[in-house]
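Novice: Just dropping this structure here.
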Amino acid sequence: MEIDKTKCVGCGNCHPVCPMEAISLDTDGKSIVNQDKCVECSTCYRLLRNEGYPPILVRIVRGILSFFSLQHMAPPDVCPTGALTPPELEYPRSLRAAFSDPTVVHAGTGVGGRGTEEIKTNDITGRLRTGDAGIVIELGRPGTGAYFRDVEKVAMALSPLEPHFEEFNPVTQLMTDSKTGKIRDEVLDEKVLSAIIEVKTKLERIPEYLQTLEDIQTELDTVFSVGVASKCLSDGSVPHQQWVEKAGYKLSLNGKTNLGLGRPLFKEETA
Amino acid sequence: MTNTLHRQGKLEDLKGDYVIFTSIAKEIKPGTAPKIHEFLKICNKHGPINIGSSKYGTVLQDDVEFNDLITNLKDGSTSGAVFTDVDTLQKVIAELIEADLGISINVSGLLEGVHECCGKNGIVRHSVEQSLGFWGAKDRLPERDVLEINSLCGHGMVSFNYIHKMMEQVRMRKLTPKQAVKIMGKCCECAVFNTDRAEKLLEKVLET
Numbered sequence: 165m166e167i168d169k170t171k172c173v174g175c176g177n178c179h180p181v182c183p184m185e186a187i188s189l190d191t192d193g194k195s196i197v198n199q200d201k202c203v204e205c206s207t208c209y210r211l212l213r214n215e216g217y218p219p220i221l222v223r224i225v226r227g228i229l230s231f232f233s234l235q236h237m238a239p240p241d242v243c244p245t246g247a248l249t250p251p252e253l254e255y256p257r258s259l260r261a262a263f264s265d266p267t268v269v270h271a272g273t274g275v276g277g278r279g280t281e282e283i284k285t286n287d288i289t290g291r292l293r294t295g296d297a298g299i300v301i302e303l304g305r306p307g308t309g310a311y312f313r314d315v316e317k318v319a320m321a322l323s324p325l326e327p328h329f330e331e332f333n334p335v336t337q338l339m340t341d342s343k344t345g346k347i348r349d350e351v352l353d354e355k356v357l358s359a360i361i362e363v364k365t366k367l368e369r370i371p372e373y374l375q376t377l378e379d380i381q382t383e384l385d386t387v388f389s390v391g392v393a394s395k396c397l398s399d400g401s402v403p404h405q406q407w408v409e410k411a412g413y414k415l416s417l418n419g420k421t422n423l424g425l426g427r428p429l430f431k432e433e434t435a
Numbered sequence: 011m012t013n014t015l016h017r018q019g020k021l022e023d024l025k026g027d028y029v030i031f032t033s034i035a036k037e038i039k040p041g042t043a044p045k046i047h048e049f050l051k052i053c054n055k056h057g058p059i060n061i062g063s064s065k066y067g068t069v070l071q072d073d074v075e076f077n078d079l080i081t082n083l084k085d086g087s088t089s090g091a092v093f094t095d096v097d098t099l100q101k102v103i104a105e106l107i108e109a110d111l112g113i114s115i116n117v118s119g120l121l122e123g124v125h126e127c128c129g130k131n132g133i134v135r136h137s138v139e140q141s142l143g144f145w146g147a148k149d150r151l152p153e154r155d156v157l158e159i160n161s162l163c164g165h166g167m168v169s170f171n172y173i174h175k176m177m178e179q180v181r182m183r184k185l186t187p188k189q190a191v192k193i194m195g196k197c198c199e200c201a202v203f204n205t206d207r208a209e210k211l212l213e214k215v216l217e218t
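Take a look at the structure:
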């Protein structure tokens, strides 16, 4: 995101809106975006309604009020002069928007933002079959963001376990080698709101993956969220639960349930 | 829609937080717009507190009306609605089964509650995903109430600082909790922001 300094009146409304704390007041009294921190999510641009006031008028009114030690507090969801300006993004910076802006459909996955279908379409695709486990590691969430160099660190730490990185996942598509988890050099310094490493493995291997994540977490300057998924058994029980508990971890009481209302495009193999 | 998985809260809070949403497999995307319309119409009949679609916004946003929303939806649009009790959810699921749309429909919420809904409606849940929480540099995370509100948006678009600002505005009586929640909800493009839960968390600010 960029801020048009000819329009900005330095009201500061956009500063707290930014999920990455990338906007601050510059020495000239106008707002500025730290381009390294900004992940091009466009939350500021979408949320803050452009009131369309002429900048000169707003500056004069603010100046007069200031002279009398008064202040006008604009509503918290407006930009008085429409100073926020989404730039044209070129690769690799365009990846920031592709991963961070949910209104941008990722070209490689057809899904908005950094998401994938995960188990959400498992009733139709059969992505996870009986005995399979899905593990999702979302780096940068909640609220801290992540550089791809962090993402690579985790992907490479997992690689000795010979994971199957999901092909239709935007992180996998950035790997130069899905066996090592190496990510393209030119994107390593790009920052995103979050990025999801998605792995398919066997249920009994869940403890090894969790131990690897346990080991690598101290080497990261960001947070990550972990999820585990599996196809339910015929009685509706959830097979991954015993493996996670065996590894000594606690699962959330809430989660995502695929109701199974889709029409399958696959046939489950019977043992 | 991906990370309704990591919604935070105590058991009592989670009992009022069910997000139902479509997810369209790319293999069946062509021709799904009418099915998504039907899904949203069924949800809307049951009075969700939030409803919308990730590409077209939510009814919490200034310029989005429900009828315009469904008119603009295209094949494959991920759409969802938020309900605050399991009984209503069960009725919605019953109607969706009856409608036989053939698309994937998911619910984020208390697993046992959803499992019971499935049982009462004569279906067996297909797949389940659970959270193992937050790992890594957790010292960078804010206090629990702020995290709870932040996790109510699937993409985490309601920033920690904005939540702090809204709490401050409520504390100073410049905004009511309802007004503050309406503004925060506009940050969430996917219509999964639970305004009821956020409002209760902001009301706590007034008690302190």
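Protein sequences, first through last, are from chains A and B. Residues 165 to 435 in the numbering used here are what the first sequence spells out, letter by letter. Residues 11 to 218 in the numbering used here are what the second sequence spells out, letter by letter. Just so you know, even glycine gets a beta-carbon here, dropped at the ideal spot from N, CA and C.
#1: Under the rule that 16 or more other beta-carbon atoms within 10 Å means buried, what is A/K431, buried or exposed?
#2: Should B/G129 be labelled buried (16 or more other beta-carbon atoms within 10 Å of its own) or exposed?
#3: Is A/K284 a contact residue of the ligand HEM, with contact defined as CB to any heavy atom under 7 Å?
#4: Any idea if B/G41 is buried or exposed, counting beta-carbon neighbours within 10 angstroms, 16 or more meaning buried?
#5: I'd like to know whether the C-beta of A/G436 is nearer than 8 Å to at least one C-beta of chain B.
#6: Is there a C-beta anywhere in chain B that falls below 8 Å from the one on A/V390?
#7: Determine the closest residue to B/G146 out of A/S389, A/I288, A/G424 and A/H179, with distance taken between C-alpha atoms.
#8: Since A/C243 sits in a beta bridge, which residues does DSSP pair it with?
#9: Is the shortest distance between the beta-carbon of B/R183 and the beta-carbons of chain A less than 8 Å?
#10: Using a 10 Å radius around the Cβ and a threshold of 16 neighbouring Cβ atoms, would you call A/F231 buried or exposed?
#11: Just to confirm, are B/C200 and B/S33 a CB contact at a threshold of 8 Å?
#12: Taking the C-alpha atoms as reference points, what is the distance between A/I220 and A/H236?
#13: Restricting to Cα atoms, I'd like to know which of A/C205, A/A247 and A/I370 is closest to B/L142.
#14: What number of angstroms, rounded off, separates the C-alpha of A/G304 from the C-alpha of A/E354?
#15: Considering B/G129, what are the terminal residues of the alpha helix (DSSP H) in which it resides?
#16: Please identify the residue among B/V124, B/K175, B/E213 and B/L211 whose C-alpha is closest to the C-alpha of A/G400.
#17: Buried or exposed for A/S136, please, with buried defined as at least 16 other CB atoms from any protein chain shown within 10 angstroms of its CB.
#18: Go through the region 39 to 98 of chain B residue by residue and report every complete run of the alpha helix (DSSP H) that reaches 4 residues or more, in order.
#19: Can you tell me the Cα-Cα spacing of A/P334 and A/T280, whole angstroms?
#20: Using a Cβ cut-off of 8 Å (strictly closer), state whether A/T294 contacts chain B.
#21: Using beta carbons (cut-off 8 Å, strictly below), is B/F93 in contact with chain A?
#22: Do B/S137 and A/S394 have their C-beta atoms closer together than 8 Å?
#23: Per DSSP, what kind of secondary structure is A/S188 in: helix, strand or coil?
#24: From A/G227 to A/L338, what distance separates their C-alpha atoms?
#25: Between which residues of its own chain and A/P428 is the CB-CB distance below 7 Å, once the five residues before and five after are set aside?
#26: Hey, is A/T289's beta-carbon within less than 8 Å of any beta-carbon in chain B?
#27: Using 8 Å as the threshold, is the C-beta distance between B/S114 and A/K169 below it?
Specialist: A quick look at the data gives this:
#1: exposed
#2: exposed
#3: No copy of the ligand HEM appears in this structure; indeed no ligand is present at all.
#4: exposed
#5: Limits of chain A in this structure are 165 at one end and 435 at the other, which puts residue 436 of chain A out of reach.
#6: yes
#7: A/S389
#8: DSSP output for A/C243 lists A/N214 as bridge partner(s).
#9: no
#10: exposed
#11: no
#12: 15 Å
#13: A/I370
#14: 13 Å
#15: Taken as a continuous stretch (DSSP letters only), the alpha helix (DSSP H) holding B/G129 covers L121 to K130.
#16: B/V124
#17: Outside the shown range of chain A (165 to 435) lies residue 136 of chain A, about which nothing can therefore be said.
#18: 43 to 55 and 76 to 82
#19: 8 Å
#20: Taking 8 Å as the CB threshold, A/T294 stays off the interface with chain B.
#21: no
#22: yes
#23: strand
#24: 50 Å
#25: D287, I288 and G290
#26: Yes, contact with chain B.
#27: no
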